[in-house]
Amino acid sequence: MFRKYRWTGLLVDGLDDPSDRPDTGVASLKVSGRPGGRCRALTGAILCRLVNALLRHFVELIGPDLAAAGFVRRGPVFRYFDPVGNGIALDIQRTTALYGEVEFFINVGVLLAPHLRHYFGPDDPSRDAMPHHSVWRHRLVATDDTAEMSDHTFSLSSPADGDRAAAIVLGWLRENLPRLKSWLGDFDAMFAAIDEDRERSARAREEQLTSGWKPGRWPDGRWSEGIIRVFAYAERGDVDAVRAETASWDDSGPDSLAAGALALADQRRTERKG
Amino acid sequence: MGYSGFVIIARSGETRLDELACVDDLFVSVTDDVRAGGWRIGFLGPVDDTSPDALAADLALETAAPAIALSVFDSDCAFATAADPAGAAVAFYLDEEMVRELVEDDDEFEPLNGRAVAGLLAWSAKAGLVADPDRLAAALEESPGPSGAGIEGLAEALGIAELRD
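Chains as they are written, first to last, in the numbering used here: chain S, 0 to 273; chain B, 1119 to 1283.
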């Protein structure tokens, strides 16, 4: 069992033998340390820190534009929130990479304030919300239009790779961030976007059937339409509509999303009467 | 497959572990387990950008308090370092026998736990904690476990108690 993971798991500690690795241009670095495995662990740590510099370079390239757009970074996640708690999260999700490389996905999610309250309760979601808490989520494509096959994995083994990855991410943000921000707090805008994406998907499907795979013609992202609809009803105080919409949901227990939406609808209805 | 990744134990008070510069530098999401006395146990997930030695030293310097960093392998064992702000460090394993099995060539294996207990007791005293020597020796023989129970056991043996309401 352990042999199986030796080169993926113990690489974490740099306990593998640098002589077994591909030449990355940094493998000749040595540091002195305690004898045996611990010494080799130190060597691995130095090598890995150089790999981390690639990720830092990428983050430094995308960070200023995101900060200017109101995003705050915590660890690998950039988050933007409007005053009422709707937001956008962009997560740099690391994945296992070959030695000397950093590989990651870029996940983006649009966050709905009442939906986040279901996950976080009284805690502040601005510190922990992730794209998987979203009502629209998308994994950016890491390849440009010239690639034969699209791929979602950003792979960095040199600063130039970081430059290319940052250009793709910044280009996507320039094109899409205004659209994403326009959805925040606006259910009608989200439903209009859902309809547009549905039409675009239908067109893409037809094109694919007639002329083969057409990368980039499908709409970005996946909607959680049912959740958006339920919270749209809830914000209007429409208890009956929430109840009808959630009737077929599997989980209707006291801590469920359905129960949370129903409580919100009831609260809004009371506020409107008051 | 169990948990593989880093775990840190640090006294950061009200400061979340992911707000520490040396943790932020790793670009990881951290799950904090808040303990008594301002101590926190943080699960960082896979990290290939540092070592237990380096991270423990960075944590100790930044928090101005003794700190521990563990690199856990498949929930079965951990390579760990306890450091203090003065620069002293104690290297140890959780489940040394499992580590010995993992290191195929015994010439490369360096036993640590035989002398680690004394060092960890000194570490605990520097942290203002009251450790239990017998419990500590037993904790070093335990694996981290799939939910980190072995690490919680280590923390408690070092005198880091659960947070009570």
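From the three backbone atoms N, C-alpha and C, an ideal C-beta is built for every residue, glycine too.
Of S/D219, S/R228, S/W217, the smallest CA-CA separation from S/D187 is found for S/R228. Scanning S/G220, S/Q207, S/E206 for the CA closest to the CA of S/M189 turns up S/G220. Around S/L110, no beta-carbon contact reaches into chain B at under 7 angstroms, the shortest distance being about 16 angstroms.
When rounded, the separation of the alpha-carbon atoms in S/P121 and S/L115 is 10 angstroms. For S/E174, the enclosing alpha helix (DSSP H) stretches over residues 158-182. Check the Cα spacing between S/I87 and each of S/E102, S/S157, S/V134: the tightest is with S/V134. Nearest to S/S200 by C-alpha distance, out of S/L54, S/W217, S/H131, is S/W217. DSSP, read as helix, strand or coil, puts B/T1181 in helix. Fewer than three beta-carbon pairs drawn from the segment 191-200 of chain S and the segment 82-96 of chain S are found closer than 8 angstroms, and the two stretches are therefore not classed as touching. Along the segment 1198-1220 of chain B, going in chain order, the ones with a CB nearer than 8 angstroms to a CB of chain S are A1209, E1219, L1220. In chain order, G74, P75, V76 make up the part of chain S whose C-beta sits under 7 angstroms from the C-beta of B/S1147. Excluding its 5 nearest sequence neighbours in each direction, B/R1218 has C-beta neighbours in its own chain below 6 angstroms: F1227, listed in chain order. Ranked by Cα distance from S/A258, the first of S/K272, S/D239, S/R271 is S/D239.
Boundaries of the alpha helix (DSSP H) around B/E1215: 1214-1220. Residue pairing for S/V238: DSSP places it in no beta bridge.
One thing to note: B/L1173 has its Cβ within 8 angstroms of the Cβ of B/F1124.
In the assembly as shown, S/T209 is an exposed residue. Its beta-carbon has fewer than 16 other beta-carbons within 10 Å. At least one C-beta of chain S is nearer than 8 angstroms to the C-beta of B/D1136. Residues of chain B whose Cβ lies closer than 7 angstroms to the Cβ of S/N51 are, in chain order, D1167. Taking C-beta atoms as the reference points, B/A1255 and B/V1235 count as a pair closer than 8 angstroms. B/D1225 counts as exposed, since fewer than 16 other beta carbons sit within 10 angstroms of its beta carbon. The distance from the Cβ of S/R55 to that of S/P75 is about 11 angstroms, inconsistent with a contact at the 8 angstroms cut-off.
Among the residues of chain B, those whose CB is under 9 angstroms from the CB of S/I91 are F1145, following chain order.
The DSSP-derived three-state label of S/F70 is coil. Put simply, the CB of B/D1150 is far from chain S, with every gap to its CB atoms at 8 angstroms or more. The DSSP-derived three-state label of S/V58 is helix. Here S/G86 carries a strand assignment [DSSP, helix/strand/coil]. When the alpha-carbon of S/D64 is set against those of S/Y232, S/R271, S/N106, S/R173, the nearest one is in S/R173.
For S/V134, no CB of chain B lies under 8 angstroms from its own CB, so it is not counted at the interface with that chain. Taking the Cα of S/A68 as reference, the smallest distance to any Cα among S/N106, S/G84, S/P177 is reached at S/P177. Residues of chain S with a Cβ closer than 8 angstroms to the Cβ of B/D1142 are, in chain order, R73, G74.
Between the C-alpha atoms of S/K272 and S/A246 there is a straight-line separation of about 25 angstroms. Using a Cβ-Cβ distance cut-off of 8 angstroms, the segment 1159-1179 of chain B and the segment 1126-1144 of chain B are in contact, since at least three pairs of beta carbons, one from each stretch, lie closer than that value. Residue pairing by DSSP places S/Q266 in no beta bridge whatsoever.
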